[in-house]
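Before any comments, here is the structure.
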Ligand SMILES: [Zn+2]
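Protein chains in written order, with this note's numbering: chain E, 325 to 505; chain A, 411 to 507.
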């Protein structure tokens, strides 16, 4: 039995532009196109087939990570129900479903400076024309890997592996010292 | 920063990618019947091209997929990228077909 204390998210000091998002259910789903449709039915949300795009509805989000790889997110309390629903709904369809709920956590960056803060460590063009609302991708921030998802014109959802959270937040807070007080 | 055109994600910064060696090297279907010298060649012998080189790249910090690229080793220019399993495009270093 894993020590639940070890699975606590590291403390993050909230600010006007940064907050730690609550724990969530996360699955990495991999499989051929035939499995996408079945997984979408079980999950209650179609998996996006357009590269680097997310689909969402209340309590569900599906992020395209690769041509046969999606990140599925739901509220933490849905974990058990979803796990058994996938097990029965995809019994005869080859696929891979990995529970990564505790591997990574999520931050939200919000406000007029959110994109500017991210560009300090992320090499992508975050102009809304190049990185519109609904776009998501795995990428890097400084020396850590992140999944970046623009949820609104001035809001980003950032997935980061648990042990890299303190590094990522520290870097962002360092960058934020440049902001006018 | 060098921009590489991922066949899945589109143009992305070089630091999201990792190099995977020369492309289009097929593993012998039945290694047990391969002569030792041929096996050594499969494992270790690679061309050291000056000019256009077909090589494997992986968009490891993006879609994580392997793909192939034609790169000019003298200029570091990527002439073309294409998906694994597709033949190398017939093209020269200027990008002319
Ligand atoms: Zn890619």
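All C-beta atoms, glycine included, are put in the ideal place defined by N, C-alpha and C.
Three-state secondary structure assigned by DSSP to residue i
i                      : result
residue 415 of chain E : coil
residue 362 of chain E : helix
residue 498 of chain A : coil
residue 472 of chain A : coil
residue 389 of chain E : strand
residue 325 of chain E : The predicted position of residue 325 of chain E is uncertain, since its pLDDT is 48 and thus under 50; no value can be drawn from it.
residue 344 of chain E : strand
residue 513 of chain E : Only positions 325 to 505 of chain E appear in this structure, which leaves residue 513 of chain E out of reach.
residue 469 of chain E : strand
residue 464 of chain E : strand
residue 427 of chain A : coil
residue 369 of chain E : coil
residue 336 of chain E : coil
residue 476 of chain E : strand
residue 457 of chain E : coil
residue 381 of chain E : strand
residue 505 of chain E : coil
residue 354 of chain E : strand
residue 412 of chain A : coil
residue 504 of chain A : coil
residue 436 of chain A : coil
Residues near residue i by beta carbon distance below 6 Å, same chain, minus five either side
i                      : result
residue 410 of chain E : 366 and 421
residue 415 of chain A : 421 and 491
residue 432 of chain A : 456 and 465
residue 419 of chain E : 355 and 359
residue 493 of chain E : 336
residue 350 of chain E : 397, 424 and 425
Cβ distance (whole Å) where residue i is taken to contact residue j below 8 Å
i                      : j                      : result
residue 421 of chain A : residue 411 of chain A : Not confirmed; about 11 Å, so no contact.
residue 360 of chain E : residue 432 of chain E : Contact doesn't hold; Cβ gap of about 27 Å is too wide.
residue 474 of chain E : residue 456 of chain E : 7 Å
residue 405 of chain E : residue 397 of chain E : Their Cβ separation, rounded to whole angstroms, is 14 Å, which puts residue 405 of chain E and residue 397 of chain E out of contact at 8 Å.
residue 460 of chain E : residue 388 of chain E : 7 Å
residue 400 of chain E : residue 335 of chain E : Going by Cβ atoms, the distance from residue 400 of chain E to residue 335 of chain E rounds to 18 Å, so no, they are not a contact pair.
residue 413 of chain E : residue 348 of chain E : That pair is no contact at about 21 Å.
residue 377 of chain E : residue 458 of chain E : 6 Å
residue 439 of chain E : residue 450 of chain E : 4 Å
residue 482 of chain A : residue 503 of chain A : 5 Å
Residues near residue i by beta carbon distance below 7 Å, same chain, minus five either side
i                      : result
residue 370 of chain E : 364 and 379
residue 352 of chain E : 393, 395, 422 and 424
residue 325 of chain E : Note that residue 325 of chain E has pLDDT 48, beneath the 50 cutoff, so the model's placement of it is unreliable and the number below is only indicative. Hits under 7 Å: none found.
residue 437 of chain E : 341 and 503
residue 496 of chain E : 342 and 441
residue 472 of chain A : 416, 419, 422 and 426
residue 506 of chain A : none
residue 463 of chain E : 446, 448, 470 and 472
residue 356 of chain E : 392
residue 434 of chain E : 341, 478 and 479
residue 375 of chain E : 388
residue 501 of chain A : 480, 489, 490 and 507
residue 484 of chain A : 460 and 461
residue 476 of chain E : 457
Residues near residue i by beta carbon distance below 8 Å, same chain, minus five either side
i                      : result
residue 428 of chain A : 467, 468 and 470
residue 499 of chain E : 441, 444 and 445
residue 368 of chain E : 381 and 384
residue 434 of chain A : 464, 478 and 498
Residue i: CB within 7 Å of a non-hydrogen atom of ligand 3
i                      : result
residue 416 of chain A : Questions concerning ligand 3 fall outside what the structure shown contains, since the ligands it does hold are ligand 1.
Give, in chain order, every unbroken run of the alpha helix (DSSP H) that is at least 4 residues long and sits entirely within the segment 399-452 of chain E. 403-413 and 438-443
Between the segment 442-474 of chain E and chain C, which residues of the former have a C-beta closer than 8 Å to a C-beta of the latter? Of the protein chains in this structure, namely E and A, none is chain C.
Three Cβ pairs or more, each shorter than 8 Å: is that satisfied between the segment 494-502 of chain A and the segment 475-483 of chain A? In the pairwise beta carbon analysis, the segment 494-502 of chain A is classified as touching the segment 475-483 of chain A: at least three pairs are separated by under 8 Å.
Stretch pair the segment 453-467 of chain A + the segment 436-445 of chain A: three plus CB contacts closer than 8 Å: no
In the segment 438-483 of chain A, which residue ranges form an unbroken alpha helix (DSSP H) of at least 4 residues, counting only runs that do not cross its ends? 446-454
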